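Residue numbers (the working numbering), protein chains in the order written: chain U, 10 to 554; chain H, 14 to 325.
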């Protein structure tokens, strides 16, 4: 018995050794193909690939790589605009009419010619289907009834766009860089429209190809969208009809990977070329690995703590100022948000026209105590803060709780999920709230509007900006923000936003803490891998191996 | 005691006086029984180890202020974040806010004790009362009370506690209430079973013959008979209560920051488990030791208090 067991064992051991030898001949790790970029990315937020409907962060990256726009941000100086499909453009003297001249000989990936007619129809369908990002176009006075007049093609290569007020040209052009203004292939989409019964909410008899475009593709970008399987994979393929410089790689595959640790392991093993959702701990490990590198770029999202002005204590200007001195910015920057954000105390993110790079506040408990004493609250007081159960906000909230405690203010943290805290915040029943604000489009007005305008401070107010949510009644700033929207001179417009930021910095009930940074770990053999200043400027076209 | 020893007429040793099979007074009888129980209990070494753990826990909780080297809530975010155990001044390391884990564990022991004591004070009497009334009254009272108990027993304890906390709002007080509300039904069941076994005994009949009201019978003559088995059950449940409290804390529904509740500490350490293992491990070990202590103690008590084994 013993003998036969030993014999079996010997056979087993030999075959195990043999297989080891065979395996050692092949590479020890899986390598991605030389003409393909594989990214690990959590893209569970994608719900539709229709550029007229998509308003999610992950979709922004897919849309901007597969569709073209009239104009794009100039990545060398993001306060400027450069032409994409448009060769040139002019603005009329009254500031109402924008005339775009398209580049000659443009073609869609399908082979259909791209004309001004396609541009006009893309605007029309985006306005008419009226999905979440449509407000970026309709804020210029476009409606379903007048869009064919206000956005029209006068000839094959001339597109004329009329707005309802003499807005700052930089504002209009910045808004046109949003993915909702992407140009779709009219001829191709019209083959796929589905009939709809008109109703009061939706007055048109067809869906403008919305159902088909949810997973379909009708663009002209550097890549074609070949396939999207929800929570599984997105496959992009090089578009050989692209009007600009052709993409460096034949294929880009996004694999849905939710966990940071999973992405890190796959990146280390070479199963993926880029890991997109690394947490600080895994980021450290990646930065220490010689085969890997990190790319990072500040994004347009700021994290802030806001003080509801309905609370009598929090409404005192000295208290507002004291709280700005009670955040340990340096320690938070060096630890809790290391790699995923940088300290930033003004409401316009870096890279946007009119940014103000000033961080005047430091942790100063003595000064804060002095201010609280001036407000008649030398003995401190109690206050609550609604905190969403996610990092890094809970960590920051706990740190803030400690520093407030040093000044005698007792902070009670009320945790909840995103929906609970947000509902309470929107109903204005909070004391304090910690959260983030991401800009909707790449223009200073997006953040300025929410932080500084509050046309109707009553509970019934329709315009639920952050200023309204915190009951900050500021008629002068509301007017200033509106004026900045109509300022034609770019330099002057930038100055106006800087002055708005200074006002918020001094007396606004917002303790702005940091600006988010997006980080990606990638294998060192990749060339030209870069992240852009916004989620729709993470271009994969220039990447090579 | 020393007086007893010097008492010439009796001339009994302390031990003989306690072990006497003809006690002279009620006090002597009671002390004698307690002594027998203690002897059975102390013969079980594991049970004594459990008792030592619990006594140590109580002492640590009482003297947490003196023993803790740092503040449990104020950390040094910039200078002492995520230091490994054994770092100078931080015996068990620090957490993600730069707080000393040892100090937090010591202060957290107070919360753990608070939860256990309050749950025991709330749940055990409720269970005892419901069970004794149900068992003694019988009939429709019994049916109604036991069906209510069944409803509570039909849900897993943690799930029911979760639902209560979600309804009442997160916080340590609500967590204690929720755990108490969900842990009385087993006690009611035990009390009822004990009551059924004594309700028809002769001494109850005698008390009733003397005109005692049902309330008096239940309170003075039935409930005392249920107490010993209940104590055992409560002690054995302590570990479960600690785990439930830690579970609620882990899910963010128990103690709120910055309270150093052990379950919440594990939850916040979970993010660093790959690279900074000690943040989640230390409170986990604390929960393990205390739960083990209560389990050993409960086992020992069951053996010691079991009436069938009480030789006298």
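We put the CB at the ideal spot given by N, CA and C, even for glycine. Note that the structure is predicted; figures quoted are calculated from it, not measured.
Simplified DSSP assignment, three categories, for residue 463 of chain U:
Counting from one through the first chain, the residue named residue 463 of chain U turns up at place 454. Of the three classes helix, strand and coil, the one that applies to residue 463 of chain U here is coil, per DSSP.
Between which two residues does the alpha helix (DSSP H) holding residue 120 of chain H run?
Position 107 of the second chain, counted from the start, is the residue given in the question as residue 120 of chain H. 114–150 is the extent of the alpha helix (DSSP H) around residue 120 of chain H.
Does the Cβ-Cβ distance between residue 144 of chain H and residue 201 of chain H come in under 9 Å?
Position 131 of the second chain, counting from 1, holds the residue named residue 144 of chain H. Position 188 of the second chain, counting from 1, holds the residue named residue 201 of chain H. Going by C-beta atoms, residue 144 of chain H is nearer than 9 Å to residue 201 of chain H.
Apart from the five residues just before and just after residue 407 of chain U, which ones in its own chain have a Cβ nearer than 8 Å to its Cβ?
As a position in the first chain, residue 407 of chain U is number 398, starting the count at 1. Counting only Cβ-Cβ distances below 8 Å, and skipping sequence neighbours, we find 422.
Give me, in chain order, the residues of the same chain whose beta-carbon lies closer than 6 Å to that of residue 545 of chain U; leave out the 5 immediate sequence neighbours on both sides.
Working through the first chain from its first residue, we reach residue 545 of chain U at position 536. Once the five neighbours on either side are set aside, the close Cβ partners of residue 545 of chain U are 69, 73 and 188.
Step through the CB atoms of chain H and report whether any lies within less than 9 Å of the CB of residue 44 of chain U.
Stepping through the first chain from its first residue, residue 44 of chain U is reached at position 35. No, residue 44 of chain U lies away from the interface with chain H (no Cβ there is under 9 Å from its Cβ).
Please determine if the region 94–111 of chain H and the region 400–420 of chain U are in contact, where contact requires at least 3 C-beta pairs separated by less than 8 Å.
yes
With a threshold of 16 other CB atoms inside 10 Å of the CB of residue 369 of chain U, please say whether the residue is buried or exposed.
Start at 1 with the first residue of the first chain, and residue 369 of chain U comes out as number 360. Exposed, because fewer than 16 other Cβ atoms sit within 10 Å of the Cβ of residue 369 of chain U.
Could you please tell me which residues of the region 324–345 of chain U, in chain order, have their CB closer than 9 Å to any CB of chain H?
337, 339, 340, 341, 343, 344 and 345
Kindly list, in the order they appear in chain H, the residues whose Cβ is closer than 8 Å to that of residue 414 of chain U.
Locating residue 414 of chain U in the first chain gives position 405, counting from the first residue. Correct list: 86 and 87.
Coarse secondary structure for residue 236 of chain U, derived from DSSP in three states
Taking the first chain and counting its residues from 1, one reaches residue 236 of chain U at position 227. It is a strand residue.
Would you give the residue range spanned by the beta strand (DSSP E) that residue 445 of chain U belongs to?
As a first step, residue 445 of chain U must be located in the first chain, where it is residue number 436. Element bounds for residue 445 of chain U: 441–447.
Smallest Cα separation from residue 258 of chain H: which of H/175, H/286 and H/225?
Within the second chain, the letter at position 245 stands for residue 258 of chain H. The option with the nearest alpha carbon to residue 258 of chain H is H/175.
For residue 452 of chain U, count the other beta carbons within 10 Å of its own beta carbon; 16 or more makes it buried, fewer makes it exposed. Which is it?
Counting from one through the first chain, the residue named residue 452 of chain U turns up at place 443. With 16 or more Cβ atoms within 10 Å of its Cβ, residue 452 of chain U is classed as buried.
What residues in its chain sit with their C-beta under 7 Å from that of residue 495 of chain U, if we drop five residues either side in the sequence?
Looking up residue 495 of chain U in the first chain gives position 486. For residue 495 of chain U, where only same-chain residues beyond five positions count, the Cβ hits under 7 Å are 174, 175, 176 and 177.
Which residues does DSSP pair with residue 524 of chain U in a beta bridge?
Taking the first chain and counting its residues from 1, one reaches residue 524 of chain U at position 515. Beta-bridge pairing links residue 524 of chain U to U/311 and U/351.
Do residue 142 of chain U and residue 61 of chain U have their beta-carbon atoms positioned less than 9 Å apart in this structure?
Here residue 61 of chain U corresponds to residue number 52 of the first chain, with the count starting at 1. Here residue 142 of chain U corresponds to residue number 133 of the first chain, with the count starting at 1. Result yes, Cβ atoms of residue 61 of chain U and residue 142 of chain U sit closer than 9 Å.
Return yes when at least one heavy atom of the ligand COA lies under 8 Å from the C-beta of residue 109 of chain U, else no.
With respect to the ligand COA, the structure shown offers nothing to examine, as it has no ligands at all.
Expressed to the nearest angstrom, what Euclidean distance is found between the alpha-carbon atoms of residue 194 of chain U and residue 149 of chain U?
Stepping through the first chain from its first residue, residue 194 of chain U is reached at position 185. Stepping through the first chain from its first residue, residue 149 of chain U is reached at position 140. In a straight line, the C-alpha of residue 194 of chain U is about 24 Å away from that of residue 149 of chain U.
Compute the beta-carbon to beta-carbon distance between residue 363 of chain U and residue 506 of chain U, rounded to the nearest angstrom, for a pair I have assumed lies under 8 Å.
Indexing the first chain from 1 puts residue 363 of chain U at position 354. Indexing the first chain from 1 puts residue 506 of chain U at position 497. About 3 Å; that satisfies the 8 Å criterion.
Comparing the C-beta of residue 422 of chain U with each C-beta of chain H, is any distance below 9 Å?
Position 413 of the first chain, counted from the first residue, corresponds to residue 422 of chain U. Taking Cβ atoms only, chain H reaches closer than 9 Å to residue 422 of chain U, which makes this a yes.
Partners in chain U for residue 97 of chain H, counting only beta-carbon separations shorter than 8 Å:
Here the question's residue 97 of chain H lines up with position 84 in the second chain. Here the premise fails: no neighbours, minimum Cβ distance about 14 Å.
Along the chain, where does the alpha helix (DSSP H) containing residue 313 of chain H start, and where does it finish?
Working through the second chain from its first residue, we reach residue 313 of chain H at position 300. Run containing residue 313 of chain H: 291–318, per the alpha helix (DSSP H) assignment.
Going by beta carbon distance, what residues of the same chain come within less than 7 Å of residue 289 of chain U, once the five residues before and after it are set aside?
Walking along the first chain from the start, residue 289 of chain U turns up at place 280. Around residue 289 of chain U: 347, 348 and 349.
Would you say the region 151–166 of chain U touches the region 115–133 of chain U, given that touching needs at least three Cβ pairs under 8 Å?
yes
If contacts are defined as beta-carbon pairs under 8 Å, then residue 105 of chain U and residue 186 of chain U qualify, I think. What distance do you get, rounded to the angstrom?
The sequence position of residue 105 of chain U within the first chain is 96, counting from 1. The sequence position of residue 186 of chain U within the first chain is 177, counting from 1. That belief does not hold up - the Cβ atoms of residue 105 of chain U and residue 186 of chain U are roughly 20 Å apart, past 8 Å.
Examine chain H for any beta-carbon lying closer than 9 Å to the beta-carbon of residue 73 of chain U, and answer yes or no.
Indexing the first chain from 1 puts residue 73 of chain U at position 64. False, the Cβ-Cβ gap to chain H never drops below 9 Å.
Which partner residues of residue 61 of chain U appear in the DSSP bridge assignment?
As a working note, residue 61 of chain U is residue 52 in the first chain. None, per the DSSP bridge assignment.
Answer yes or no: does any C-beta atom of chain H fall closer than 9 Å to that of residue 270 of chain U?
Here residue 270 of chain U corresponds to residue number 261 of the first chain, with the count starting at 1. With 9 Å as the cut-off, residue 270 of chain U counts as an interface residue toward chain H.
Considering only C-alpha positions, which residue in the set U/429, U/438, U/358 and U/509 is nearest to residue 525 of chain U?
To locate residue 525 of chain U, count along the first chain from 1; it is residue 516. Residue U/358 is the option with its Cα nearest to residue 525 of chain U.
Quick one: which chain U residues come within Cβ less than 9 Å of residue 270 of chain H?
Translated into the one-based positions of the second chain, residue 270 of chain H becomes position 257. Neighbours of residue 270 of chain H on chain U, chain order: 396, 403, 406, 407, 410, 422 and 424.
Taking residue 94 of chain H as the query, report the chain U residues whose CB atoms sit under 9 Å from its CB, ordered along the chain.
What you label residue 94 of chain H is simply residue 81 of the second chain in a count that begins at 1. Ordered by position in chain U, the residues that pass the 9 Å Cβ test against residue 94 of chain H are 340, 343, 344 and 345.
For residue 299 of chain U and residue 529 of chain U, believed in contact at Cβ under 8 Å, the rounded distance:
In the first chain, counting from the first residue as 1, residue 529 of chain U sits at position 520. In the first chain, counting from the first residue as 1, residue 299 of chain U sits at position 290. Not really, about 17 Å apart at Cβ, beyond 8 Å.
Contacts of residue 400 of chain U in chain H (Cβ-Cβ under 8 Å)
Indexing the first chain from 1 puts residue 400 of chain U at position 391. Those are 284, listed as they occur along chain H.
For residue 536 of chain U, is the classification buried or exposed, using 16 other Cβ atoms within 10 angstroms of its Cβ as the cut-off for buried?
Indexing the first chain from 1 puts residue 536 of chain U at position 527. Under this definition residue 536 of chain U is an exposed residue.
Measuring only between beta-carbons, confirm whether residue 440 of chain U sits less than 9 Å from chain H.
Taking the first residue of the first chain as 1, we reach residue 440 of chain U at position 431. For residue 440 of chain U, the answer is no, since every Cβ of chain H falls outside 9 Å of its Cβ.
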